[in-house]
Each structure stands twice: as structure tokens, then as C-alpha cells.
Amino acid sequence: MSGLDMDRTRRNFTGIACRHELSGPVLMLDDEPTVCQIVSLVLGSEGFDVISCSEPASFVSLCREKNPSCLLVDVVLPEISGLEVLKELRKHSFERPIIMMSGRSDIETAVQAIKEGAFDFVTKPFRGGDLVTRVRAAISPVKRQASPPIFHFPGRPPLTLRERDVLHELIGGRSTKEISRCLNLSPRTVESYRANLMRKVSAKNLAELVRLAIAAVRQRT
Numbered sequence: 002m003s004g005l006d007m008d009r010t011r012r013n014f015t016g017i018a019c020r021h022e023l024s025g026p027v028l029m030l031d032d033e034p035t036v037c038q039i040v041s042l043v044l045g046s047e048g049f050d051v052i053s054c055s056e057p058a059s060f061v062s063l064c065r066e067k068n069p070s071c072l073l074v075d076v077v078l079p080e081i082s083g084l085e086v087l088k089e090l091r092k093h094s095f096e097r098p099i100i101m102m103s104g105r106s107d108i109e110t111a112v113q114a115i116k117e118g119a120f121d122f123v124t125k126p127f128r129g130g131d132l133v134t135r136v137r138a139a140i141s142p143v144k145r146q147a148s149p150p151i152f153h154f155p156g157r158p159p160l161t162l163r164e165r166d167v168l169h170e171l172i173g174g175r176s177t178k179e180i181s182r183c184l185n186l187s188p189r190t191v192e193s194y195r196a197n198l199m200r201k202v203s204a205k206n207l208a209e210l211v212r213l214a215i216a217a218v219r220q221r222t
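Numbered per the numbering used here, the sequence shown spans residues 2 to 222.
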């Protein structure tokens, strides 16, 4: 793979001090220079340090070197799928939040991304303010007065923290739109988490998922 195209930047176009205490830059993998420029401009104006790259192998190396706070990864790349990059990073225990981006709005891709460990999934074209919100949510998770319950489904894969968050809100009767606002996730991402949860616990519908989840909580008490 070749054609490394990096845009290393410390941009703050408003001329004011950064308003975020980040543990590292936001790294972006996308082969479209225009998209990289726009994202760098939008996030840079909010005080984020953005490093963009168009070549997957170099991007993975940057993830190891730069200790990023968050990743933005395009699903559709010329030589390899962004989902493969996601798998590679998770395989090596890379734990920083990864936001997947795609010009395709199909639920199957979103579900697959969440299943492979993505924090969020956004569809292009996206609004600048919405992207900033997603990045902020990834870097600074929503603080809650109480932690969500620990669900135990015997013989099933353990739930991720974000899956627990979504399931907790589903049990509370919240709609997709309400959960989206509460957890600072896109509605498509919430739907993806819900579909993945149903597959994980073999629930045929939402009602069965909630019933199984309530029973799973009771087993821990």
C-alpha cells in the first residue's frame, strides 16, 4: 500500500485556547482529501488536534506512535475495508474509541462495525456540529449518577460497556431517538447496538430482549 497523504495539524482557527484537555490527537483515516480538510477544519476550530492519513498501514503505525484520544475511520477505502482496519486494531488490544464513517447508510455495515468494537457510526455527509458532538462523546463519555446494571447471560458473550448502556436505556422504555440524545450517539448507531444485542442473546424481538435482560439482572441480585 502506498500514497501516504498525511495532514498533520494543530489548528485552532478561532484564535482561542483549546477548550478540551485531550490525551492525544484525533487520528483520521480517509482517502478523500476534501473530507480530510473539512474534518480538520471543523474539529480544529473546536480546539482538537487532528492528524489525517490516507494509507491504512501508516495509519495503524500512527495509532501506536501518537497515543490518540479518538479515531475516525472511513469504511470504504481503495485497497482494504475500514472494517478490516478496525479488526486489526482491536486484535492488538487497541482500546481507544473508534468512530466509523461511511457514505452508505445500510444497517448491516453499521451493525458489523459495532460488533467489531466501534464506538459510533456516522453517515456521510455529516453536519460539522454533529461530528463534534460524536467526538466529544467518544473522548468524554456521559457521566451518570449510577452505573448501569451488570447483565449476565449464561453461555453468551459478555456485553461491552456501551452495549450495557444501551440495554439499560431500552429496559427503561426509551425510544431510539431518546437513547440517541441521552448517550450522544447517532440513531443509526443505537439501532446497530440494539440489533447486535438481540443477536448476542438470541432475542427474537425487542420485548424478548427486555425480558431476558431483566432476568439477567435478577440473576446478579
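Backbone N, C-alpha and C fix where the C-beta goes; we use that ideal spot for every residue, glycine too.
Delimiting residues of the alpha helix (DSSP H) encompassing residue i
i, result
"V136", "129-140"
"V27", "Per DSSP, V27 belongs to no alpha helix (DSSP H); it is in the beta strand (DSSP E), 27-30."
"F49", "Per DSSP, F49 belongs to no alpha helix (DSSP H) and is neither H nor E."
"V86", "83-92"
"E167", "Residue 167 is actually Val in this sequence, not Glu. Unbroken alpha helix (DSSP H) run through V167: 162-172."
"S61", "The question names Ser, yet the displayed sequence has Val at residue 61. 57-67 is the span of the alpha helix (DSSP H), which, as asked, contains V61."
"V249", "Nothing about residue 249 can be reported from this structure: the residues present for the chain run from 2 to 222 only."
"L184", "177-184"
Best match in the options for proximity to residue i [C-alpha to C-alpha]
i, options, result
"K201", "P155, S141, K67, R128", "P155"
"E89", "A119, I52, A111, T124", "A119"
"S176", "P159, A208, L160", "A208"
"L132", "V43, P26, F60", "V43"
"A138", "N206, I151, L186", "L186"
"K125", "I52, L84, I39, I215", "I39"
"F127", "R189, E179, G25", "R189"
Whole-Å CB distance - residue i paired with residue j, under 8 Å assumed
i, j, result
"L136", "S103", "Sequence inspection shows Val at residue 136; the Leu mentioned does not correspond to that position. About 16 Å separates the two Cβ atoms, so there is no contact after all."
"V191", "V167", "6 Å"
"H153", "A217", "5 Å"
"N197", "V74", "About 18 Å separates the two Cβ atoms, so there is no contact after all."
"L78", "I52", "The Cβ separation is near 17 Å, so there is no contact."
Straight-line gap, residue i to residue j (C-alpha atoms, nearest Å)
i, j, result
"L213", "L72", "34 Å"
"M101", "L184", "17 Å"
"E22", "I140", "Reliability fails at E22, whose pLDDT of 42 lies under 50, so the model's placement of it is uncertain and the value that follows must be treated cautiously. The straight-line gap from Cα to Cα measures roughly 10 Å."
"L171", "R165", "10 Å"
"V123", "N68", "23 Å"
"S41", "R65", "21 Å"
"S193", "E109", "8 Å"
"P158", "K116", "11 Å"
"V86", "S70", "17 Å"
"V36", "R163", "28 Å"
"T161", "S62", "26 Å"
"R182", "T134", "11 Å"
"P98", "G173", "26 Å"
"A147", "H169", "Only weak support is given to the placement of A147: the predicted model assigns it a pLDDT of 49, under 50, and the value that follows is read from those uncertain coordinates. Distance between the alpha carbons of A147 and H169: 11 Å."
"N206", "I215", "15 Å"
"E179", "R195", "14 Å"
"E96", "S82", "20 Å"
"A114", "L84", "6 Å"
"G129", "M199", "32 Å"
"P26", "R105", "27 Å"
"E80", "I151", "40 Å"
"D231", "F60", "Given a span of 2 to 222 for the chain in the structure shown, any question on residue 231 remains unanswerable."
8 Å Cβ cutoff, residue i in contact with chain D
i, result
"L210", "Of the protein chains in this structure there is only one, and it is not chain D."
Endpoints, the beta strand (DSSP E) within which residue i is located
i, result
"V123", "121-124"
"I99", "99-103"
"V112", "Taken as a continuous stretch (DSSP letters only), V112 belongs to no beta strand (DSSP E), being part of the alpha helix (DSSP H) at 108-116."
"L72", "71-75"
- Message: Does the contact criterion of 3 or more C-beta pairs under 8 Å hold for the region 48-56 versus the region 28-38?
- Response: yes
- Would you say the region 78-93 touches the region 38-53, given that touching needs at least three Cβ pairs under 8 Å? no
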